[in-house]
Structure formats: C-alpha cells, structure tokens
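In order, the protein sequences belong to chains A and B. For the record, in the first sequence the residue sitting at position 246 is 246 according to our numbering, with numbers rising by one throughout. Basically our numbering = 1-based index in the second sequence + 431. Each residue gets a CB set at the ideal place from its N, CA and C atoms; glycine is no exception. Remember, predicted model here, so these are calculated numbers, not experimental data. See structure below.
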Amino acid sequence: MDVKLPQLAEGVEGGTVVTILVTEGQEIKKDQPIMELETQKAVGSIPAPSTGIVTKIHVKQGMEVSVGQLLISIESSGMQPPRAAESAQGAAHNARAAAEARTAPQQPVAAGRATEDYHFESKSGAPPPAPPSVRKIARELAIDLTRVKGSEAGGRINLTDVRAYIEGLQQMASHRPAPTSASQPALAEAIDFSKWGPIRREKMSPLRRTVSRRMAESWSTIPKINQFDNADITALLDLRKKHSAAYKKKGAHLTLTSFLLFVLGRALKKHPRANSSMDDSSLEIIYKDYCHIGVAVDTEGGLIVPILRNVDQKNLLQLSEELHAITEKTRQRKVSIEELQGGTFTISNQGSIGGSHFTPIIYAPQVAILGVGQGQAQPVAIDGKIAIRTILPLCLSYDHRVLDGADAVRFLKDVIAGIEGFDESDLKLNK
Amino acid sequence: MEPISTEIVVLGAGPGGYAAAFYAADKGKKVTLVEQNPRLGGICLNVGCIPSKALLHAAAVLREAKQSVHRGIEFGQPKLDLDKLRVWKESILEKLGQGIAGLAKQRGVQVVHGRGHFEDSQTLRVETGEGQKFIRYDKAVIAVGSKPAMPSAFDLGNQRVMTSTEALELPDIPHDLLIVGGGYIGMELGTVYAALGSNVVVLEALPSILTGVDPDLVRPVTRAAQKAFKEIRVNTKVQKMATSGKQIKVTMEIDKQPREELYDRVLVSVGRVPNLADLGLENTKVIKDDKGFIQCNAQQQTDDPNIYAIGDANGGILLAHRASKEGRVAVEAMLGEQSAFENIVIPAVVYTDPEVAWCGLTETEAKAKNIEVKVAKFPWGASGRALTLDRTDGLTKLVIEPETERILGVGIAGVGAGDLISEGVLAVEMGATARDLAESVHPHPTLSETLMEAAESFYGTATHTFSRRNT
C-alpha cells in the first residue's frame, strides 16, 4: 500500500518533512506516527493508515511534500493487497481517515465518486511515455506516472497532465467530492480587468486556496438552511462583569465565546444530530459521543479553525483558559495539525469586529455552524414595556439532509435559553 | 601523515568517474579523484573508445581511397607509416587527457595518482609514487571500469596473443590475424587491421557475429566484412593455442572436426571483466553479484551506504555514456535529490563498416519477450544521400507499439549510424510516436531522412518507397 500525504487540515497543502520516524523494513502499527511534518502552521505527525511493514520510504528529511505525494510504502500484514486502482486515492483517504478517526469511524469512499481509476498498461511493458524532463519532476514529487493519464499522442504525459493529476489527488484526499471552482474555469480569468484601470494580481496563498476550495465544496454540496434568531445577553454580560475580575486573577479571560462554548456543549449533548456527520456512501448518520467545537479564528494569513475538545465536559474556567490559549497559538501559527482536526460543530463569532446576522458556511463533514454577530443595545418589549437590552444576532446554518427545520429550531432555542438563563452557579470558580 | 579529508572520493577517472567528480564539484562538493594511470580518461580515452575510433578513421580513409577507383579516382597504393599513425593517435589521447586534467583543476577537484584500496567504509588508502596516502571521505564512488577477459587457456605469456589493449598499440600489421570473438570489439578491430592489410579471420562460437543485434542490422556488416576480411567463421570454438616459432598455432573445432592453423597474431576479444581485484572491498559492506560485478540499486548505491558504484564495475552494458549517466545519478542521490537510473535509453553503437546503432527496444528483444510490435523499415537503397555517398548498404528501422504508435526502439545500420541514432534516442525518451517523426521535416538530402521515411512507411506513405499497405 502506498501512503500519500493526506489532506491534514484546513489550509494545509503540504509541508516540510522534519523527521522520519520509521525505517525501511520496520514493522509498524496502524496510527503509529510515521513522520513529522512542519506546515506553515505547526509541526504535526502523520499516522500510519494500517499495520504492516515499511517497504520503502519515498521522502527524505528536509523535503517539501504536498498533499497526495507518496510518502512511504507499506506491505500490509494479513491484509489483501489493495487493488491497483485503489491505492492512489485509497491511501490518501485512509491516511486522512486515520487522522480523522476521532471525528468519525472510518468512512469508505463514496461510491460513484468521480475518481481517477487510471493505471497505465503497455502490452510491450514499456514505461508510461513521458519526456525525461517530466519524468524527473515526477520523480522529485514522488508521483507514479503509471497513474497519470497522458493527453498527448500515444498517451504521452506532459507537465500539464502531471499538474492535473496532483490536483485530482488533492481533491480526492479531501472528504467531499468537489465540483469546485478549480474544475471550472474561473470567470475572472477570462475578463481583462485592466481594460478599465490598473490592476494588481496576487497569488492565492495555499491557505486561501484551501479555504476557497472547501467553502465552494460545502456551498455546492450541502443543501442548507439558515435559521436566524436573537439572544438577549444583557444578563449574561452582567454576570460576566461581575465575575471577570475573579477569572482574571486566575489568568483567564471570560469572553462571550467561552459562554457560548459552555452553552453549546450542553445543547449538543441534548441534540446529538447537530453534532453528527453523514456518510453518504453507507447512508448512515454517524453520531459522535464527544463534542469538539471549532472556533473560527481570523489570522493574518486567513481563516483557521482550531478545535476545543470535550467542550461538554469542561467548566467555564477551563473553557476560557483553553480558548484563550488556542486562539493565541493559532494567531501565531503555532497550532498543531492535530488541534485542527476532529471538530463536530463550529462557532463563527464576528462580534468583536461588528456586523449583525450573517449566514456562515457549514464546515463539512460537520452538519451545523453557529454564526454570531455583534451584541447591540436595542429597544425590546418586555411585559408590555420598552426596555433597552443587548441583543445578540445568531444564525444557525445546518445541513437539511441530516437536520430538519424543527430539530434545528429546537436546538437553537435551547442554545438561546442557555444563554439567556445562564446559571450563575456555573460561573463559580471553586466548583 | 595527515589523511586527506574530502566529502566525495571518486575512484577511477574514466568517463564515469570524471563525470561524477566534475558534477559533484559543480554542485559545490569537495571532491578527490583517484586514478592509477598517469593520464586521466580511463579505458575509454586510453585503451578503448578513443584510440579505436582514431584507428577506424584511418581505416575508413584507406578503404574510401580504395573504393574510389570505380568512381574514377585513383590514388595508387597507400604508403603506411605506422610510427606516424601511432603518434597521431597518441596526440589525440594526450590532448583529451590534458583537457580532463585542466577541467579537474578549474573545478578544484584534487587529483591523486595511485592505486586505491578501501581500508574501511570511510577510508581509502592510495599507493602513490610518493608513498601511501589516506583519504577520509563521506561518500565514495567506485568507477574502476573493466579490462579485457583473457581465458587462462589462451594466456600463453606470448605477446602475439593480444587483447584489445595491445591491439590498439598497433605493434605491427600481422599478415594473418585471428580474432577470437565476433562481438563489437573483435569486429571493430578486425575492420582496422583488415584495412591496414592483415588477412583477418574472425571466429565466433555462436551462430552469428554481433550476437543480440537484430539480424537485419547485422547483415550489411556481415556482407562488408566478408569482403574485407578473409573469413568469418561462426559456430566455431578455439580449443587450444600454442606458441609455434614466431607464430601461434590455434586448434579449433569446426563442425566437430578439429583443425589447426597458424597465425602471426591472435586477438582475444571474448568479453570484459571488472577491475575489482585487490580493491579492499572486503573491508566495506559492498557486495558483488554472482557474476562478480558490484551490486547496486537504482541510485547506484552499493550495499555499503557510503559507497556508490558506476559503470563497468557494475556489469550490464559496458558503455562509457552509461557510466557517465550513472555518475550523475550517483551524485544526485548523494546530494539527496530524487534521482534514479530507471527507464533510461542507452544507445549502443558498433563502429564497424558500416556502423550499427540502436536504442530502446530491439526487434530481437521484442520477439524474445513476446511483445507485439510493428516494425517500419526504410532501406538505404532508396536514399538519395546514401547513393551519393556510394553507401546504400544500410537500413533504418523503427520498432513501434501498435496501439499507440509510440516508438519503442530504433535501429540503424549504415555509415554514420552512430551519429544518426541520437534522434532515435530523443524520440524514445520523449515518448514520440511514429507520427511525430513523420511530421518532423528532415533536411534533404541527408541520411537523417531515413528516420522520417521509415516513420512515413509505417503509415504506408513514404515518398521514396512504395507500399500497398494503404491501397
């Protein structure tokens, strides 16, 4: 089995091999780290997708590798050798699945997905036709040219074919099929904007490209509904004011997001569907007994979503501390790949910047996301009287394949109830 | 004495060794090149490719002059000054040897003259004129080359029994010369000595000379040699040799009948063996294969991770240009680059008259491996250029994969085949189809057109031949 670099996390298109933790001939266990990879964000380890013996290591320390690139070959013990057509996507998928093991049980690749099941065969036993220059590049990138379909006469492979193949691998390595912008010529390319004035072109960073691709995938594959509502946070803010000094003494920052995490953890326990994923190949809903919430963080390089673990089991102090720590780490790009994986739900809080209701995009394979706007003082009728209250705009975007409107509204109402009726005893520090 | 410390030591300054040393130096490495011969360049330059080609050129001039008679040009009997011919040949070797030494100096490659012996996986001892020197290295490249095989039964200790090395020294022009072995070395040197005036008899144990080469490409060589040589005897084995006065008495077996003949000189060209004796390989982890050549992987790395091996020392096809390429691969691998000697087309050239050259898959190989191919041929009789050269004894052929029309191999027999084959190498390396070759305009009138016309003939549309294929 060929192990290729899986799509590790949002925004990680590749990295540098820091250490290789296995040697050729070594017996390894499934999920055992095989190498450490330094990405633009962090150093993380790549787990072995299966148990077996390392037959070949295709990369070297210090080498730049990209998603889909061949890392090592494993001869699986007690397993049938993978079908020839399977390994190109299979390995990448498996590796990713292992990395995502905490999120979901191993998900088989969706049947009928457009995959490149191509394998070069020549009756004469000749290698795939490709000029030496292309073969050199393929060797450098550890690309197996027998997998690359040549577009030229006689099936000859040119550089464009290799590029297309790598792109295909990257798409396959991600969970969702991707009728993305990458597969359609972007409209912007065709238009000469300089006709109307000076322009400037800037290459999209790998992070930007990943965000763009994942968002387009999500947008075009998930039938979603946006459920708007508001929460009155006047009381909550009073509580925060009252207790924040005590939290500060402990070195913790009591923020609105920590309250939201606390409330969401409990609400997701009560509404496990909102915490689930869908396996569209087996037509099953995968319920997760854990609750790991991603928090969208705005960094200089773009959007990164680190994950807070077992949110439902933690108190407000723990959540405040962890949230602060991981947000800082993310802004400094020190967050590890593992800390970006396994989310079951996401909060996107734009409140610190401003804005009211907005419709966030679901982070597949999650099924729902909460978009939080800025709390604003508004006149509100309470018991027939006008009162000035601080109102938090909320939007729950959810995957209608998994959640129905009634489920979603019930979930959102529970979240709002949790915010509005936040129990002061949950704020106590010596609890 | 303080050992020399170097990043890379290359043992042997032949076309593999100096190519590796120079490439490593170009890549910024500290390189030491060890060579026992005072002149750099290895077998190829000193006792192989270069001197044989110089002599073959002389032979071609003699032959050309002779054959001009029917074109109305007569030079009379040529006068041979062997000393002058040797000096001229030697001057070429000297010039090239100096050139390599100069290139080494310019690159800062330290050259140590002497015989190298591995002390361990990181130390090479060199026996130089000024005593022992020790070289501590990170990586070593073994590029020691090969030497002609001399079966002990033929090794009479008599100078009249020569290998190619002595034959290239041109000691004299024997009246009767026996060449044992009809491979490329025997046939090339036979061509030289026949042109110089010897009665050349070639003995070959197998049913054909140039075994392994496609028979249709060998045919023009056989025909020409049958005219130029006294005789070519196939299916013939030498049983015994003995000194008989100023001659060598050779006992051979023809059709199970023994026969004795006397020759002034005998050239033994029955193969080559690697120069691996007394290298101290037992002090390293280097392992030899069952044929006695060094075993290495596609990165040219031996079983000793510090030691790489290239060229003839590894066996396979013993060709200078293969060694050079392997040298570059070895250096790239040492530098951690992704490099491998895989799927590389190595052209082969036999400098007989006419020459034979081929690359990629041969028709013979395709048959042996049961690979279905289509062969497109263009006989030189239809080439205007060949006619003007008075050399229509040639053939250009393409070995083509039927479904894809991809060119898998090219074979050429004819004058200048060695220079023409490069286009074939490019075609095979590039994965070109017959259509690509047919559509590329070739200058007229040239011999290179035969490649284009062979490709056209695959489609039944070659201008200068007619085929009913498409009608």
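Element boundaries [beta strand (DSSP E), containing residue i]
| i | result |
| --- | --- |
| N230 of chain A | K224 to D232 |
| V441 of chain B | I435 to L442 |
| D2 of chain A | D2 to K4 |
| K668 of chain B | T667 to S675 |
| V611 of chain B | D607 to V611 |
| R664 of chain B | E662 to R664 |
Neighbouring residues, chain B, relative to residue i (Cβ below 7 Å)
| i | result |
| --- | --- |
| K436 of chain A | Residue 436 of chain A falls outside the range modelled here, since chain A spans only 1 to 431, and no answer is possible. |
| E140 of chain A | Q769 |
| K195 of chain A | Going along chain B, no residue has its Cβ under 7 Å from K195 of chain A, so there is no contact; the nearest lies around 39 Å. |
Listed by chain order, chain A residues near residue i by CB distance under 7 Å
| i | result |
| --- | --- |
| M861 of chain B | P131 |
| T864 of chain B | A153 and G154 |
| T835 of chain B | G154 and G155 |
Nearest neighbour of residue i, chosen from the options [CA to CA]
| i | options | result |
| --- | --- | --- |
| T346 of chain A | A:V134, A:T146, A:L396 and A:M1 | A:L396 |
| Y861 of chain B | A:H58, A:A130 and A:H292 | Note that residue 861 of chain B is Met in the sequence shown, not Tyr. Of the candidates A:H58, A:A130 and A:H292, the one whose C-alpha sits nearest the C-alpha of M861 of chain B is A:A130. |
| H895 of chain B | B:G849, B:E836, B:V704 and B:A817 | B:A817 |
| K428 of chain A | A:L316, A:L207 and A:M63 | A:L316 |
| L524 of chain B | B:N477, B:G507 and B:A535 | B:N477 |
| L511 of chain B | B:A813, B:E662, B:A489 and B:K460 | B:A489 |
| R567 of chain B | B:A886, B:E433, B:G711 and B:G621 | B:E433 |
| E600 of chain B | B:Q678, B:P651, B:G479 and B:E466 | B:G479 |
| L319 of chain A | A:I386, A:F259 and A:E36 | A:F259 |
| A252 of chain A | A:E328, A:F120 and A:G150 | A:E328 |
| R266 of chain A | A:E24, A:M1 and A:L412 | A:L412 |
| S770 of chain B | B:V776, B:A761, B:N801 and B:I481 | B:A761 |
| H119 of chain A | A:R135, A:A126 and A:V148 | A:V148 |
| G747 of chain B | B:S853, B:F724 and B:E763 | B:F724 |
Per DSSP, the bridge partner or partners of residue i
| i | result |
| --- | --- |
| K432 of chain A | Nothing can be reported for residue 432 of chain A: it is not among the residues displayed for chain A, which extend from 1 to 431. |
| Q563 of chain B | B:E558 |
| Y441 of chain A | Nothing can be reported for residue 441 of chain A: it is not among the residues displayed for chain A, which extend from 1 to 431. |
| Y568 of chain B | B:T437 |
| I777 of chain B | Bridge partners of I777 of chain B: none, in fact. |
| L826 of chain B | B:P810 and B:A844 |
| A381 of chain A | A:I386 |
| H544 of chain B | B:E466 |
Contacts that residue i makes with chain A (C-beta to C-beta distance below 8 Å)
| i | result |
| --- | --- |
| N774 of chain B | P127 and R135 |
| E904 of chain B | Outside the shown range of chain B (432 to 902) lies residue 904 of chain B, about which nothing can therefore be said. |
| L645 of chain B | As written in the sequence, residue 645 of chain B is Asp, which differs from the Leu given in the question. Simply none; closest approach about 16 Å. |
| L839 of chain B | S124 and A126 |
| L792 of chain B | S124 and A126 |
Range of the contiguous alpha helix (DSSP H) that encloses residue i
| i | result |
| --- | --- |
| V409 of chain A | G405 to E420 |
| P482 of chain B | C480 to Q498 |
| M618 of chain B | Y615 to L627 |
| Q657 of chain B | P646 to A659 |
| W811 of chain B | No alpha helix (DSSP H) holds W811 of chain B; DSSP gives it neither H nor E. |
| Q318 of chain A | L316 to R331 |
| Y739 of chain B | Here Y739 of chain B belongs to no alpha helix (DSSP H); instead the beta strand (DSSP E) covers I738 to A740. |
| P705 of chain B | Element bounds for P705 of chain B: not the alpha helix (DSSP H) but the beta strand (DSSP E), R703 to P705. |
| R273 of chain A | Element bounds for R273 of chain A: n/a, residue is neither H nor E. |
| I531 of chain B | L513 to Q537 |
| I137 of chain A | P132 to E140 |
| R866 of chain B | A865 to E870 |
Beta-carbon neighbours of residue i, restricted to chain B and to distances below 9 Å
| i | result |
| --- | --- |
| S356 of chain A | Those within 9 Å of S356 of chain A in chain B number zero; the least Cβ separation is about 54 Å. |
Contact set between residue i and chain A, taken where Cβ atoms lie within less than 9 Å
| i | result |
| --- | --- |
| E803 of chain B | K123 and S124 |
| L868 of chain B | Correct list: empty, because the minimum Cβ distance to chain A is about 11 Å. |
Contact test: residue i Cβ vs the ligand FAD heavy atom, cutoff 8 Å
| i | result |
| --- | --- |
| M278 of chain A | This structure lacks the ligand FAD, and indeed carries no ligand of any kind. |
Exercise for review: Kindly confirm or deny that the stretch 622 to 637 of chain B and the stretch 716 to 723 of chain B touch, where touching means at least three C-beta pairs closer than 8 Å.
Suggested key: Judged by Cβ distances under 8 Å, the stretch 622 to 637 of chain B makes no contact with the stretch 716 to 723 of chain B, as fewer than three pairs qualify.
Check your understanding: Below 8 Å, can you find three or more Cβ-Cβ pairs linking the stretch 860 to 874 of chain B to the stretch 830 to 838 of chain B?
Key -> yes
**Study point:** Inter-stretch contact at 8 Å, needing at least 3 Cβ pairs: the stretch 634 to 644 of chain B / the stretch 601 to 617 of chain B
**Key:** yes
Check your understanding: Should the stretch 581 to 596 of chain B be regarded as contacting the stretch 495 to 506 of chain B, the criterion being three or more beta carbon pairs within less than 8 Å?
Key -> no
Review point. Does the stretch 535 to 549 of chain B come close enough to the stretch 444 to 461 of chain B to have 3 or more Cβ pairs within less than 8 Å?
Key: yes
Exercise for review: Evaluate the contact criterion for the stretch 881 to 892 of chain B versus the stretch 800 to 811 of chain B: three or more CB pairs, one atom per stretch, below 8 Å.
Suggested key: The stretch 881 to 892 of chain B vs the stretch 800 to 811 of chain B: in contact.
Check your understanding: Should the stretch 238 to 248 of chain A be regarded as contacting the stretch 398 to 410 of chain A, the criterion being three or more beta carbon pairs within less than 8 Å?
Key -> no
**Study point:** Inter-stretch contact (C-beta, 8 Å, three-pair minimum) for the stretch 144 to 160 of chain A and the stretch 48 to 66 of chain A
**Key:** no
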